[in-house]
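Heads up: the sequence shown is residues 3 to 356, going by my numbering.
In what follows, a single structure is set out as structure tokens and then discussed.
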Amino acid sequence: MSAVEALFSLVPQLGEGSKPSSEYVLIRCPFHGGGMEHTPSCSVSKLAPVFFCHSCLESGHISRLFKLAGLGRDSIDRILRSTGMGGASGPAGLARDIKQNVDLYRGTFILDDAILDTYRLAPEELLRKGYEKKTLRHFEVGFDYTNLRITFPLRNVYGQLVGVSGRTVVAGMEPRYKIYVEELRRRPDVKIPDDYSMDSTKKAVLWHAHVVRPFLFRSNDPIIITEGFKACMWTYQSGFENVTALVGLSLSKQHAELIATATKQVYLFLDNNTAGLLGTFIAGDKLLAVGREVFVMKYPDDRGQPDDLNEIEIEDAYINAVPYLTWREQHGKQYIYENENRRRNWRASRQNPV
Ligand SMILES: [Zn+2]
Numbered sequence: 003m004s005a006v007e008a009l010f011s012l013v014p015q016l017g018e019g020s021k022p023s024s025e026y027v028l029i030r031c032p033f034h035g036g037g038m039e040h041t042p043s044c045s046v047s048k049l050a051p052v053f054f055c056h057s058c059l060e061s062g063h064i065s066r067l068f069k070l071a072g073l074g075r076d077s078i079d080r081i082l083r084s085t086g087m088g089g090a091s092g093p094a095g096l097a098r099d100i101k102q103n104v105d106l107y108r109g110t111f112i113l114d115d116a117i118l119d120t121y122r123l124a125p126e127e128l129l130r131k132g133y134e135k136k137t138l139r140h141f142e143v144g145f146d147y148t149n150l151r152i153t154f155p156l157r158n159v160y161g162q163l164v165g166v167s168g169r170t171v172v173a174g175m176e177p178r179y180k181i182y183v184e185e186l187r188r189r190p191d192v193k194i195p196d197d198y199s200m201d202s203t204k205k206a207v208l209w210h211a212h213v214v215r216p217f218l219f220r221s222n223d224p225i226i227i228t229e230g231f232k233a234c235m236w237t238y239q240s241g242f243e244n245v246t247a248l249v250g251l252s253l254s255k256q257h258a259e260l261i262a263t264a265t266k267q268v269y270l271f272l273d274n275n276t277a278g279l280l281g282t283f284i285a286g287d288k289l290l291a292v293g294r295e296v297f298v299m300k301y302p303d304d305r306g307q308p309d310d311l312n313e314i315e316i317e318d319a320y321i322n323a324v325p326y327l328t329w330r331e332q333h334g335k336q337y338i339y340e341n342e343n344r345r346r347n348w349r350a351s352r353q354n355p356v
């Protein structure tokens, strides 16, 4: 018996007219209308022990629903354990994490145009980290409360939606990123190719390029390339509007060609770690090959990614950027070492498959 079925057996009226999908069950919300609403509007997740009401916006851990049904703590624990939603046999860490952070799942409506029908909420996690609502709105970032994921729309250079990536806000939940495919197929205005894959999408999409490129055509300003959504939004919020992001780790030939049609100068601002180092070499070489002038932005030593830097520090990183060829000379030995390491690990993993 699932947790929702257990709830229905306790309070049958909540289950009347309920609608299940693969990821959640819509039930009559017990927090408004006396639990008697005509059209059930409270989503109870099948994937995590949480609920969210689309009408009254009440949300929280599923144990609250059982408490309302009159159960005590021990009985609730027993039910959650038996349904794999908590206790010793279930993902207890997950449940605890959700309990502690439950208001991370509360969102505030910010998007006028929903990316997908339900993703109009601002992710509380990013607001707390200092991302402004207007930044999140600009980048169309939403929150999917059914799957508890921050949603990032992926658009091609013409601005057409070609995918959505959803990062979990629950520590340890796998996969960390959900790729929305079925949800997009249901939308008449989105064309998802039959052979849709995240790998090909990553190679094609340079995040935010559809906004940046038209400006670059006119101004010929430099473009900044970061690694990942957060780095891109943070750099943008710090005053650099011509910023884009790699969705994966490395710049593709398609990216290089796209950039070559947009502007002459490129500033690389990947993460300050091994992956960023390798990514900078790959990107730098490819961009030189298409005839661009390439610079590498300089981090203060102890910082790992753009969102570790404040506005002034990002400005400094830009002003102190070094030409890629100089940077390449400085980091050549480190590159050879890290690259050899990576190859060795790869070979080892092939010889001893887990
Ligand atoms: Zn409600």
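For every residue, glycine included, the Cβ atom is placed at its ideal position computed from N, Cα and C.
Computed from a predicted model, the values in this text were never measured in an experiment.
In DSSP terms, what residue i is bridged to
{"i": "H63", "result": "V52"}
{"i": "S155", "result": "In the sequence as displayed, the identity of residue 155 is Pro instead of Ser. Partner(s): V166."}
{"i": "S45", "result": "L28 and F54"}
{"i": "W209", "result": "A247"}
{"i": "T228", "result": "A247 and F271"}
{"i": "V183", "result": "V183 pairs with nothing; no bridge assigned."}
{"i": "E295", "result": "Q267"}
{"i": "K21", "result": "L28"}
{"i": "D146", "result": "R151"}
{"i": "V324", "result": "V298"}
Where residue i falls, given that 16 or more other Cβ within 10 Å makes a residue buried
{"i": "L327", "result": "exposed"}
{"i": "W348", "result": "exposed"}
{"i": "A173", "result": "exposed"}
{"i": "Q358", "result": "Limits of the chain in this structure are 3 at one end and 356 at the other, which puts residue 358 out of reach."}
{"i": "T203", "result": "buried"}
{"i": "C58", "result": "exposed"}
{"i": "A258", "result": "buried"}
{"i": "A291", "result": "exposed"}
{"i": "K335", "result": "exposed"}
{"i": "G144", "result": "buried"}
{"i": "R75", "result": "exposed"}
{"i": "I81", "result": "buried"}
{"i": "I100", "result": "Confidence is the limiting factor: at I100 the pLDDT is only 43, short of 50, which leaves the residue's position unreliable, though a coordinate-based value still follows. Counting Cβ neighbours within 10 Å, I100 comes out buried, since at least 16 surround it."}
{"i": "H40", "result": "exposed"}
Among the options, nearest to residue i - alpha-carbon criterion
{"i": "G19", "options": "R187, A5, A8 and M38", "result": "M38"}
{"i": "K180", "options": "R83, R151 and V296", "result": "R151"}
{"i": "F297", "options": "Y320, A264 and E60", "result": "Y320"}
{"i": "D273", "options": "I316, G17 and S199", "result": "I316"}
{"i": "G72", "options": "R294, V13 and S84", "result": "V13"}
{"i": "S43", "options": "K21, S252 and R220", "result": "K21"}
{"i": "D201", "options": "I338, E295, L156 and L279", "result": "L156"}
{"i": "L248", "options": "M87, T282, Y198 and E134", "result": "T282"}
{"i": "F217", "options": "V245, D197, I338 and V27", "result": "V245"}
{"i": "A5", "options": "G35, P32 and P51", "result": "P51"}
{"i": "I225", "options": "T85, V183 and Y269", "result": "Y269"}
{"i": "W285", "options": "K205, A350 and L129", "result": "Sequence check: residue 285 is Ala here, not Trp. Among K205, A350 and L129, the Cα nearest to that of A285 is on K205."}
{"i": "H333", "options": "L280, L289 and D310", "result": "L280"}
{"i": "S221", "options": "E185, V192 and Q267", "result": "Q267"}
{"i": "V166", "options": "T137, E134, S199 and K135", "result": "S199"}
{"i": "N343", "options": "A277, S23, H56 and E331", "result": "A277"}
Other residues of its chain near residue i: CB distance less than 8 Å, five sequence neighbours each side excluded
{"i": "I78", "result": "S65, F68 and K69"}
{"i": "E313", "result": "S240 and G241"}
{"i": "R305", "result": "N274, L311 and E315"}
{"i": "G293", "result": "A262"}
Proximal residues to residue i (C-beta, below 7 Å), its chain only, five neighbours per side dropped
{"i": "P308", "result": "T228, A233, W236, T237, F271 and I316"}
{"i": "T170", "result": "L150, R151 and R178"}
{"i": "F10", "result": "L16 and G17"}
{"i": "L260", "result": "V159, L208 and A211"}
{"i": "L49", "result": "E25 and N149"}
{"i": "D303", "result": "none"}
{"i": "V324", "result": "F297, V298 and K300"}
{"i": "R215", "result": "V159 and A264"}
{"i": "G230", "result": "A247"}
{"i": "L289", "result": "A258, I261, V268 and V296"}
{"i": "P32", "result": "L16, L67 and L70"}
Beta-carbon contacts of residue i that lie in its chain and below 6 Å, excluding the five residues immediately before and after
{"i": "F141", "result": "M235"}
{"i": "F54", "result": "S45, S61 and Y147"}
{"i": "R187", "result": "I194"}
{"i": "Q256", "result": "K205 and A206"}
{"i": "A8", "result": "I81"}
{"i": "D115", "result": "Summary for D115: the model assigns pLDDT 40, below 50, so the residue's position carries little reliability; its value from the coordinates is reported in the next sentence. Result list for D115: empty, nothing under 6 Å."}
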